[in-house]
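In my numbering, the protein residues as written are 11 to 527.
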């Protein structure tokens, strides 16, 4: 891997320096006795100016120039404001800054400092040669479709980040249902979607910082490497920008339906969700990452989980299917109310009992959230999660939801899918990205025996753990068609029994202490 810091290029080139007390004739002697193109003027290791050979001799060769300048102090002929860059500055940024200079300075040497002291000097020729070599090497390893750096560069970037010990994150991104898109629209259109994705990632990365790196693993798989503090913001930005333009790659009838019609591998006609983007984030912020292979393995496992959550759910009951089709159509239009409000209305229409249950949850959820001293934004997200945690039940048949007897295995499986379905719906909207994880995980158990991901303990998001407690409380307090209502003493006893098994024990204790009636 070629050097990426400008200071590494001039490591062997200290250059020629003179003190600020030097005279012009001293400079002439130096230039006449060696091939240096520039001289750096120093004052106690601090750069105060630069003298270029061609400019000095041009000035001395002008009419009266010799008499005017030959015996003057160096400050009469030096440039007091040369381009000075820190050792750590990237080569690419250095070349951009050099080329932005005025025309009369564009070929002047660049002065390098380290720890605010003079370090060395670099000619424009050497800089451009280095940049060219890096670009040639990058192009050799670049993806031929997008032009983004490929696997060798990605591996080198990750290794370099690990070596520094700084906190960083790797975002692994790929497209969902992309094979179905290629099957429906053809590979030429598929290539357009890949290039669109690459453009989105580049644009988003440029809004963060220069050191954020975008790579193309191949196919519909991409990588972004950035500082750990930017990963969440960057992931949300990518989702927002991707969603903003992806609809232009679909036919209007597919957008209206909310899915594509294509052939599976057995040549059967199937419905496939529209293409979206998934992101798995791996960071060394809370764990040590030893090498790029460990990062890749963790990402593969995380993506596997995400794919499981985003798996297409075929809706076979006409009424529920119509709701989902209308929802997909409506989210692409402009309404006087927000997307979350639209979903609340649809829950109310689909199952009024679920709607009432969700509305009741807001009060105890917020009481528990305030007791935990959540901030304003967290409380707002918690209230919205309380209202929409059972969003996925919209696609479950009424005869299953209203069943007052035991459910068979197939019916129970449909019930268990509702967190995944709700997550799938919520994750398509930037307004609901922050609560999508809570929708997905509100049926996880503290001991790891819940569903759909079998998360355990504090791996379960706090908001989901809160909803789990107040959800169970509401079910016990108001009963169900298959379960009688309990009194407050029975509810508290049941919560204590399930503490540390189904529920976070700390949340149960706080909730009971609140003595919510």
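Backbone N, C-alpha and C fix where the C-beta goes; we use that ideal spot for every residue, glycine too.
None of these values were measured; they are calculated from a predicted model.
Item	Value
How many angstroms separate the CA atom of residue 222 from the CA atom of residue 384?	32 angstroms
So what does DSSP say about residue 80, is it helix, strand or coil?	coil
Run through DSSP, which three-state label would residue 15 get?	strand
At 4 residues or longer, and completely inside the region 136–224: list those alpha helix (DSSP H) runs for me, N to C.	161–174, 188–195 and 197–216
Assuming residue 431 is part of the alpha helix (DSSP H), what are its boundary residues?	428–436
Taking the beta carbon of residue 459 as the centre, do at least 16 other beta carbons fall within 10 Å, making it buried, or is it exposed?	exposed
Across the region 372–389 and the region 410–425, are there enough close Cβ pairs to call them in contact, namely three or more that are closer than 8 angstroms?	no
With which residues is residue 57 paired in a DSSP beta bridge?	52
Please return the same chain residues whose Cβ sits closer than 6 angstroms to the Cβ of residue 228, not counting the five positions on each side in sequence.	none
What's the gap between the Cα of residue 85 and the Cα of residue 103?	29 angstroms
How would you call residue 244, buried or exposed, if buried means at least 16 neighbouring beta carbons within 10 angstroms?	buried
Distance check for residue 505 and residue 524, CA to CA, integer angstroms please.	13 angstroms
Tell me the DSSP secondary structure of residue 508 in three-state form.	helix
Is it the case that the region 132–139 contacts the region 167–179, given that we only count it when at least three CB pairs across the two stretches are under 8 angstroms?	no
Between 82, 517, 239 and 269, which lies nearest to residue 187 when the distance is taken from Cα to Cα?	269
On the premise that residue 60 lies in contact with residue 72, defined as a C-beta separation below 8 angstroms, what is that separation, rounded to the nearest angstrom?	Going by Cβ atoms, the distance from residue 72 to residue 60 rounds to 20 angstroms, so no, they are not a contact pair.
Is residue 259 helix, strand or coil by DSSP?	helix
Which two residues bound the contiguous alpha helix (DSSP H) that contains residue 133?	First-last for residue 133: undefined, no H or E at that position.
Residue 490 by DSSP, collapsed to three states: which one?	strand
Among 375, 122, 107 and 123, which has the Cα closest to the Cα of residue 116?	107
For residue 226, which three-state DSSP category applies?	strand
What's the C-alpha gap between residue 155 and residue 465?	39 angstroms
Any beta-carbon of chain C closer than 7 angstroms to the one on residue 25?	The chain inventory of the structure shown lacks chain C, comprising one protein chain alone.
Would residue 79 pass as a contact of residue 87 if the rule is Cβ separation under 7 angstroms?	yes
What number of angstroms, rounded off, separates the C-alpha of residue 217 from the C-alpha of residue 248?	11 angstroms
From what residue to what residue does the alpha helix (DSSP H) around residue 112 run?	It is not in any alpha helix (DSSP H) - residue 112 carries neither H nor E in the DSSP assignment.
Buried or exposed: which applies to residue 354, given that a residue is buried once 16 or more other Cβ atoms fall within 10 Å of its Cβ?	buried
With residue 235 as the anchor, note down where its beta strand (DSSP E) starts and where it stops.	231–237
Strictly by DSSP, which residues pair up with residue 28?	51
What are the start and end residues of the beta strand (DSSP E) that includes residue 269?	269–273
What is the DSSP secondary structure of residue 470, reduced to helix, strand or coil?	coil
Looking at the unbroken beta strand (DSSP E) that takes in residue 123, where does it start and where does it end?	120–124
Closer than 6 angstroms by C-beta to residue 448: which residues in its own chain qualify, once you throw out the five before and the five after it? Chain order, please.	395, 471, 473 and 474
Over the uninterrupted beta strand (DSSP E) stretch that includes residue 279, give me the two end residues.	279–283
On a CA-only basis, which of 16, 18, 20 and 41 is nearest residue 28? Give me that one, please.	41
Residue range of the alpha helix (DSSP H) that residue 40 falls in?	34–43
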